[in-house]
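The number in our numbering is simply the position in the sequence shown, starting from 1, with 2 added. All residues carry an ideal CB built from backbone N, CA and C; glycine is no exception.
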Amino acid sequence: MKITILGTGTSQGVPVVGCHCEVCISRDTRDKRRRPAVLVQHKNTNLIIDIGPDFRNQMLDHFPGKLNAVLLTHEHNDHTAGLDDIRPFNFKYDMNIPIYGLPRVLENLERRFSYIFSSQKYPGIPRISLKPIRPWDEYEIQDVTVLALPVQHGGLPILGYCFEGFAYLTDVKKLNEKVVNQLMGIKVLVISALHHNKHHSHMNLNEALALVSKLQPEQVYFTHMSHSMGLHKKIESRLPLNVKLAYDGLIIDV
Ligand SMILES: [Zn+2]
Ligand SMILES: [Zn+2]
Ligand SMILES: [Zn+2]
3 MKITILGTGT
13 SQGVPVVGCH
23 CEVCISRDTR
33 DKRRRPAVLV
43 QHKNTNLIID
53 IGPDFRNQML
63 DHFPGKLNAV
73 LLTHEHNDHT
83 AGLDDIRPFN
93 FKYDMNIPIY
103 GLPRVLENLE
113 RRFSYIFSSQ
123 KYPGIPRISL
133 KPIRPWDEYE
143 IQDVTVLALP
153 VQHGGLPILG
163 YCFEGFAYLT
173 DVKKLNEKVV
183 NQLMGIKVLV
193 ISALHHNKHH
203 SHMNLNEALA
213 LVSKLQPEQV
223 YFTHMSHSMG
233 LHKKIESRLP
243 LNVKLAYDGL
253 IIDV
């Protein structure tokens, strides 16, 4: 399985428009963080987790060919705003793209992208099919088996996704015991860590490190980082050996 990290920034992305902090003006390409998403590829199957406002540019850089499905973690704009840019895949492969997510998240799309679902469809609008899923649902998309995991994003229940040897959990504030047991000792874990201060709906770096030392994954990559996390090079050098900061374009073979 090949994982391409498409975006590792928090909702505003990094650099932040108008900000001149050392991270936002850094020339290290690892300090340029698009909105969070990953591409999961196995045999002939290509899946995207989350479709935020940078989706178009992410696909220009990492075009996978036919997209078999989009898996949504939750409805927040940084994870869904790129939905309209699914159209080139509709046109090129003449197919609807299945969109998996919690029923609440799919209902949210129906409201925010009402033109997609209108009874009188404007020609050329996105063609998608909604696939409601629930926590602990395990299902197959072509060659890939996916397990949906419940994640607590502050007060909002959202989903993370677990594959053979790899899990992607973003916007995490808390995981329940059952999820902790499921992830114990996993090979590769990509999980969110926002910055250093306390936040109501995201783990900060220390909280994420505490969770990781409990889970004991073989390799960990942090994602969904704000400019306040600090410079990639500086922060990563202080982390335990099996923990790294993810960066846009990182490829992980699992
Ligand atoms: Zn900044
Ligand atoms: Zn969120
Ligand atoms: Zn987010």
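Query	Result
Which residues does DSSP pair with Gln14 in a beta bridge?	None, per the DSSP bridge assignment.
In the DSSP output, what is Arg35 paired with across the bridge?	Val16
Let's see if you can read the secondary structure: which residues bound the beta strand (DSSP E) around Leu185?	From DSSP, Leu185 is part of no beta strand (DSSP E) but of the alpha helix (DSSP H) over 179-185.
Measuring only the C-alpha atoms, how far is Asp80 from Pro55?	6 Å
Are there 16 or more other CB atoms within 10 angstroms of the CB of Ile193, so buried, or fewer, so exposed?	buried
Which one of Lys4, Leu73, Thr10 has the shortest CA to CA distance from Phe224?	Thr10
Determine the burial state of Glu77: buried for a count of at least 16 other Cβ atoms within 10 Å of its Cβ, exposed for fewer.	buried
Cβ of Asp173 versus every heavy atom of ligand 2: is any distance shorter than 7 Å?	yes
According to DSSP, is His229 part of a helix, a strand, or is it coil?	helix
In whole angstroms, what is the alpha-carbon distance linking Glu238 and Asn59?	26 Å
Quick one: grab the DSSP three-state call for Leu108.	helix
Hey, could you find the ends of the alpha helix (DSSP H) Tyr117 is sitting in?	116-119
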